[in-house]
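Here's the structure, in structure tokens; my notes come after.
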Amino acid sequence: MYSYSSHEGYTRYASLKGRTIFITGGATGIGASLVEAFLVQEASVAFVDVDLEAAAELCKLLAEKGLPRPLFQVCDVSDINALRESIYNVQKQLGNISVLINNAANDQRYETHSLTEAQWHQGLAVNLHPVFFSAQTVQPMMKALGGGSIINISSINTHFSPPNLAGYIAAKAGILGISKALATDFGADNIRVNSILPGWVATPKQLEKWLSQDEEAELMKRICLKRRLGTHDVAKLALFLASDDSAMITSQELVVDGGRI
Ligand SMILES: NC(=O)c1ccc[n+]([C@@H]2O[C@H](COP(=O)([O-])OP(=O)(O)OC[C@H]3O[C@@H](n4cnc5c(N)ncnc54)[C@H](O)[C@@H]3O)[C@@H](O)[C@H]2O)c1
């Protein structure tokens, strides 16, 4: 069983205790680590995902670690009405959302020369559009709370593009633009909007599909810190950006990638 790493001994942010956190794509990978990290902070955590089985497995794993059960809802984030409904349901059950993390994505690779319009639009529907509409939906809640933090997960691939990811990278670059625009428009309500750009994170899926031993050896030549980037490395940055410790940080793009050379 893959371990999402232990969050024991990690910094505890007093400001996160009791806050309502909404995470998209929380069932596996970085999202699962985010769910765990915020539960450890004694926040009220809600997440959505399309993968029911993985979500159930995560909830079981969290219970075994003695953590409270997060609020899980099945939701395909490309269905904006369903996404809005999930957000309102969390508001009803856990109160106004204080932290939104747009993490869900599909990094399906398509041969660029034969990428179809349907594939292009479907990619943006999952990877880009929900980032804007979820933020638009939570804005009145955050305003009512006197502020909030929106964290959008982009990718270092916006700077160093691997092959056959044009649609995905267009979405991830779009996320950087949306984040800047929303940071401007929501700033007067004390709502902060930042992007995280992870490097290649060794999730179970990446290890199974792409991050072979050879790829990893190549990667180690291109990063300063010669070790694997874990899902918890991204979660730690998200905790900081969600907390009041980063109260004057907004409209930023923060890279966590071991230092690309
Ligand atoms: N893993 C990496 O190396 C890496 C690098 C840079 C950026 N990122 C970004 O970090 C985030 C998390 O990546 P990950 O590697 O953990 O991904 P992952 O594929 O392991 O997990 C993504 C989660 O989103 C869910 N999801 C996919 N489509 C969905 C949909 N339409 N509606 C709801 N949920 C959906 C999946 O079921 C899964 O649980 C993504 O935004 C990704 O682009 C990852």
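Heads up: the sequence shown runs through residues 13 to 273, numbered per this note's numbering. Positions of the beta carbon are idealized from the N, C-alpha and C atoms, including for glycine. Computed from a predicted structure; not experimentally measured.
So is the beta-carbon of residue i under 8 angstroms away from any non-hydrogen atom of ligand 1?
| i | result |
| --- | --- |
| Gly43 | yes |
| Cys71 | no |
| Val62 | yes |
| Ser191 | no |
| Val89 | yes |
| Gln10 | What the structure shows of the chain is the stretch from 13 to 273, and residue 10 is not part of that stretch, so it cannot be assessed. |
| Pro80 | no |
| Gln85 | no |
| Leu106 | no |
| Thr149 | no |
| Ile168 | yes |
Skipping 5 residues on each side, what residues in its chain have a beta carbon closer than 6 angstroms to that of residue i?
| i | result |
| --- | --- |
| Ser110 | Arg31, Thr32, Leu157 and Gly160 |
| Thr36 | Val60, Val89, Asn114, Asn115 and Ala116 |
| Asn108 | Met153, Ala156 and Leu157 |
| Gln85 | Val60 and Ser98 |
| Gly179 | Trp132 and Gly135 |
| Glu54 | Lys29 |
Would you give the residue range spanned by the alpha helix (DSSP H) that residue i belongs to?
| i | result |
| --- | --- |
| Thr149 | His141 to Leu157 |
| Leu70 | Leu64 to Glu76 |
| Glu48 | Gly41 to Val52 |
Tell me the residue span of the beta strand (DSSP E) that contains residue i.
| i | result |
| --- | --- |
| Gln85 | Leu83 to Val86 |
| Val205 | Ile203 to Pro210 |
| Asp61 | Ser56 to Asp61 |
| Gly107 | No beta strand (DSSP E) holds Gly107; DSSP gives it neither H nor E. |
| Glu265 | Glu265 to Val268 |
| Ile33 | Thr32 to Thr36 |
| Ile165 | Gly160 to Ile165 |
Given residue i, which residues of its chain have a CB within under 7 angstroms of its CB, disregarding the five upstream and five downstream residues?
| i | result |
| --- | --- |
| Asn169 | Leu177, Ile181 and Lys184 |
| Gln105 | Leu83 |
| Lys238 | Met232 |
| Ser255 | Tyr25, Ser27 and Leu28 |
| Leu188 | Ser166, Thr170, Ser207 and Glu265 |
| Gly186 | Leu140 |
| Leu46 | Ile35, Gly38, Ile113, Asn115, Ala247 and Ala250 |
| Thr124 | Asn176 and Ala178 |
Could you pull out every residue in the same chain whose Cβ sits closer than 8 angstroms to the Cβ of residue i, ignoring the five residues on either side in sequence?
| i | result |
| --- | --- |
| Ile42 | Asn115, Ile165, Pro210, Val213, Thr215, Thr243, Val246 and Ala247 |
| Ala200 | none |
| Ser173 | Ile181 |
| Leu266 | Asn206, Ser207, Ile208, Leu209, Leu249 and Leu253 |
Would the stretch 130-147 count as touching the stretch 81-97 if we require 3 or more Cβ pairs under 8 angstroms? Taking a cut-off of 8 angstroms for Cβ pairs, the stretch 130-147 and the stretch 81-97 touch, as three or more such pairs fall below it.
Does the structure place the stretch 128-142 close enough to the stretch 229-240 that three or more beta carbon pairs sit under 8 angstroms? A contact between stretches requires three or more CB pairs, one per stretch, nearer than 8 angstroms, and the stretch 229-240 fails this requirement with the stretch 128-142.
Is there contact here, the stretch 185-204 with the stretch 256-272, by at least three beta-carbon pairs under 8 angstroms? Contact between the stretch 185-204 and the stretch 256-272 is present, because at least three Cβ pairs lie under 8 angstroms.
Uninterrupted beta strand (DSSP E) stretches inside the stretch 183-250 (no shorter than 3 residues): You should have 203-210.
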